[in-house]
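Q: Chains as they are written, first to last, in our numbering: chain G, 1 to 111; chain U, 112 to 228. Glycine residues also receive a C-beta, built at the ideal position from the N, C-alpha and C atoms.
1) Could you name the residues of chain G that residue 146 of chain U contacts, counting a contact when the two beta carbons are closer than 7 Å?
2) Does the beta carbon of residue 151 of chain U come closer than 8 Å to any beta carbon on chain A?
3) Taking only beta-carbon atoms, is residue 218 of chain U less than 8 Å away from chain G?
4) Tell me residue 284 of chain U's beta-bridge partners as DSSP assigns them.
5) Pull up the distance between the alpha-carbon of residue 9 of chain G and that of residue 2 of chain G, whole angstroms please.
6) Can at least three beta-carbon pairs, one atom from the segment 124-137 of chain U and one from the segment 98-111 of chain G, be found at a separation below 8 Å?
7) If residue 172 of chain G sits next to residue 33 of chain G, beta carbons under 8 Å apart, how far is it from one beta carbon to the other, in whole angstroms?
8) So residue 125 of chain U packs on residue 227 of chain U, CB below 8 Å; how close in whole Å?
9) Can you list, in chain order, the residues of the segment 155-168 of chain U whose Cβ is nearer than 7 Å to any Cβ on chain G?
10) Are the C-beta of residue 179 of chain U and some C-beta of chain G separated by less than 8 Å?
11) With distances taken from CA atoms, which of U/134, U/151, U/149 and U/162 is nearest residue 143 of chain U?
12) Could you check where the beta strand (DSSP E) with residue 92 of chain G kicks off and where it finishes?
13) Going along the chain, which residues of its own chain have a beta-carbon closer than 6 Å to the beta-carbon of residue 212 of chain U, five neighbours each way excluded?
14) Under 8 Å, do residue 38 of chain G and residue 81 of chain G count as touching if we go by C-beta distance?
15) Applying a beta-carbon distance threshold of less than 8 Å, which residues of chain G neighbour residue 202 of chain U?
16) Determine contact between the segment 46-61 of chain G and the segment 22-32 of chain G, defined as no fewer than three beta-carbon pairs at a distance below 8 Å.
17) Comparing the C-beta of residue 105 of chain G with each C-beta of chain U, is any distance below 8 Å?
18) For residue 209 of chain U, count the other beta carbons within 10 Å of its own beta carbon; 16 or more makes it buried, fewer makes it exposed. Which is it?
19) According to DSSP, simplified to helix, strand and coil, what is residue 1 of chain G?
20) Return the CA-CA distance between residue 108 of chain G and residue 167 of chain U, expressed in angstroms with no decimal places.
21) So, using beta-carbon positions, are residue 89 of chain G and residue 44 of chain G closer together than 8 Å?
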């Protein structure tokens with residue numbers, strides 16, 4: 001079955017520091033990949049999606065960027081974190097005509 | 112553009128009772144998928160149930176069932192015999208069934224369900 005490994009599970013970073021969150025996919029190839037952010041007790045905000053290597057689309061303007069250097073690798077980055085970047089980040093994958101499958105998430109606190 | 116609405120930010124149910132969570136969506140497409148996801152306190156997203164729009168029969172998974180009304184664009188989730196472990200945030204989601212390379216999943220804002228012992 002398809003799974004997503006996402007790390008780290010928790011992260012505390014100072015304002016202005018860089019960020020790199022990574023997720024990798026197992027059990028399927030050429031998935032669509034997504035980064036979502038979820039504020040406490042709130043819904044999912046789609047940040048980025050990718051339909052293939054090197055193909056990234058941004059849903060909202062922000063301080064973050066995404067990259068997909070390999071088919072099963074999706075990275076969320078920032079050069080300088082802001083306090084407002086704090087939140088819970090979820091990586092998700094999806095194959096055609098199937099439901100989305102999720103990683104376990106990263107809780108990011110910017111201090 | 113497609114949208115998904117969940118009009119109940121919070122719901123509560125007595126243990127062993129039945130609760131229904133509401134979801135409506137807006138789309139001009141005729142072929143699509145609908146999902147209910149559960150997010151417990153661990154924050155792991157778990158698929159609860161899936162419905163294909165072309166199927167008239169409502170999907171069921173053990174204590175979970177849906178009432179899919181395509182004309183009304185309504186997709187409610189019924190949880191029977193509620194258990195303490197059902198306490199979670201529940202998200203309704205939509206996905207187009209078009210045969211293109213990209214069809215993102217659109218999530219509703221979620222309903223927080225509490226189960227009262």
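A: According to the structure shown:
1) 99
2) This model lacks chain A altogether; the protein chains it does include are G and U.
3) yes
4) Here chain U comprises residues numbered 112 to 228, so residue 284 of chain U is not present and cannot be evaluated.
5) 19 Å
6) no
7) Residue 172 of chain G lies beyond the stretch modelled for chain G, which goes from 1 to 111, so this question has no answer here.
8) 5 Å
9) 155, 156, 158 and 161
10) no
11) U/162
12) 87-94
13) With a pLDDT of 48 at residue 212 of chain U, under the threshold of 50, the modelled position of this residue cannot be trusted; read the value that follows with caution. Counting only Cβ-Cβ distances below 6 Å, and skipping sequence neighbours, we find nothing.
14) no
15) 43 and 44
16) yes
17) yes
18) exposed
19) coil
20) 42 Å
21) no
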